[in-house]
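**Student:**
Chains as they are written, first to last, in our numbering: chain A, 1 to 221; chain B, 222 to 424.
(1) Within the 7 Å Cβ cut-off, does residue 32 of chain A reach chain B?
(2) Mark residue 146 of chain A as exposed unless 16 or more other C-beta atoms lie within 10 angstroms of its C-beta, in which case mark it buried.
(3) So for residue 155 of chain A, helix, strand or coil by DSSP?
(4) Indicate whether at least one CB of chain A lies closer than 7 Å to the CB of residue 371 of chain B.
(5) Taking all protein chains shown into account, decide if residue 24 of chain A is buried (16 or more other Cβ within 10 angstroms of its Cβ) or exposed.
(6) So what's residue 139 of chain A in DSSP terms, helix, strand or just coil?
(7) Output yes if chain B places a C-beta closer than 7 Å to the C-beta of residue 7 of chain A; else output no.
(8) Looking at the structure shown, is residue 75 of chain A part of a helix, part of a strand, or coil, going by DSSP?
(9) Less than 7 Å between CB atoms is the rule here; does residue 69 of chain A satisfy it with respect to chain B?
(10) Please state whether the Cβ-Cβ distance between residue 8 of chain A and residue 35 of chain A is less than 7 Å.
(11) Verify whether the separation of the beta carbon atoms of residue 381 of chain B and residue 392 of chain B is less than 7 Å.
(12) CB-CB under 6 Å to residue 364 of chain B, same chain, minus the five flanking residues each way: which ones, in chain order?
(13) Can you tell me which of the three DSSP states residue 7 of chain A falls into?
(14) Counting only beta-carbon atoms, is residue 274 of chain B nearer than 7 Å to chain A?
(15) Have a look at B:407, B:406 and B:299 and flag the residue whose alpha-carbon is nearest the alpha-carbon of residue 386 of chain B.
(16) Just reading off the alpha helix (DSSP H) that residue 263 of chain B is part of, what are its end residues?
(17) Nearest by alpha-carbon distance to residue 38 of chain A: which of A:161, A:15, A:27 and A:20 is it?
(18) Please determine, among A:75, A:5 and A:116, the residue with the shortest C-alpha to C-alpha distance to residue 29 of chain A.
(19) If you run the structure through DSSP and keep just helix, strand and coil, what is residue 361 of chain B?
(20) Start and end of the alpha helix (DSSP H) containing residue 389 of chain B?
(21) Touching or not, the segment 288-298 of chain B and the segment 260-267 of chain B, by the rule of three or more beta carbon pairs under 8 Å?
(22) What residues are listed by DSSP as bridge partners for residue 243 of chain B?
(23) Against chain A, does residue 271 of chain B count as a neighbour if the rule is that its beta carbon must be under 7 Å from one of theirs?
(24) Have a look at residue 405 of chain B and residue 224 of chain B and give me their C-alpha separation to the nearest angstrom.
(25) Taking only the alpha-carbon atoms, compute the straight-line gap between residue 242 of chain B and residue 282 of chain B and give it to the nearest angstrom.
(26) Taking only beta-carbon positions, decide if residue 2 of chain A is within less than 7 Å of chain B.
(27) From which residue to which residue does the alpha helix (DSSP H) around residue 378 of chain B run?
(28) Can you give me, in chain order, the residues of the segment 10-37 of chain A that have a beta carbon less than 7 Å from any beta carbon in chain B?
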């Protein structure tokens, strides 16, 4: 199936590349044929431009090359331009340093390298020696620090209410109470033993926490 | 035996001005032709092509023999063209050039002067030159450069796109638009080639 758009696209490329175009394809469509002829003629005309008037005469070229040579001679050569660029880049300070280091005495390269390596080795050796660790006594500084401490005591008293009205279990309760007391005494901390039974002589602090447990008897319901 | 390009380039890289001038003599015509097609003016073409050689001389030490010398030189040429396009360097004197050329062959009364240059073929060539120069002058700088690289240098669209720093579609569009304009200007009936313009507009 003939497609004019595709054919014209292909025709442009074929004409630009100077490749042959199939006659059957062109004969199938009058519009494509006209397009091809017009393209061919246009590009042939532009091609002839370089063959005819655009090319200068031979006498022109001798003058052209003379002028070019004159311009090239006045242009700084690449290595000089590179040196100039580097000089501007490094700056005057570095250039002065470089001039100071420069020597007029010619030194053989192996000798210069040997001297540089020896200097480097000595430098590394000296650096390592100074770097050896020295045992130092730990420095202790005593600084008295006052820490405010809030004096607070918590007194916990366990009060058992003795109910002697119960005649039936009185003896048993007494025994049990004694046993419980002894058990409790055993479980108490030793510091609580030092607390006096009464509050006489005890200087109260800012706060006292007193816990009263009512009905502490294990048989009370 | 003439020195090879490689030999001359190596000598030029070693700051041999004579070797570089020999290289310039080998390739100057191609570069000048491209420049004259691009800027449509003899003086501008000379200035531009000589600037290309000055840049090449400055950069010859960077040539690494990865491509041919002409490919490398053409890249410098295209960059120089593009730089000048941005700076409006060209003077666009195509019309005056044509008038000057025609005045060689015509006297005050308009009659042809001389026998050799007044042949019908010469007159036809000069008229053809006038038409083509004017048609090329009507293209934009990008279109003209893309067309020259495709038509005269035979570069692919990818190569043109790479050289002009644009996409392949843009390069193809530039070439097709240039051809459409040239065809409209140069065809005998001078009618607008609608199908080709439509085709170029698709890219």
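A virtual CB, placed ideally from N, CA and C, is assigned to each residue, including glycine. Computed from a predicted structure; not experimentally measured.
**Tutor:** With the structure as the only source:
(1) no
(2) exposed
(3) strand
(4) yes
(5) exposed
(6) coil
(7) No - not a single Cβ of chain B is within 7 Å of the one on residue 7 of chain A.
(8) It is coil, neither helix nor strand.
(9) Yes, residue 69 of chain A counts as interfacial toward chain B.
(10) yes
(11) yes
(12) 395, 398 and 399
(13) Residue 7 of chain A: helix per DSSP, three-state reduction.
(14) yes
(15) B:299
(16) 263-280
(17) A:15
(18) A:5
(19) If DSSP states are grouped into helix, strand and coil, residue 361 of chain B belongs with coil.
(20) 389-407
(21) no
(22) According to DSSP, which records beta bridges pairwise, residue 243 of chain B is partnered with nothing at all.
(23) yes
(24) 47 Å
(25) 15 Å
(26) no
(27) 378-385
(28) 12, 16 and 35
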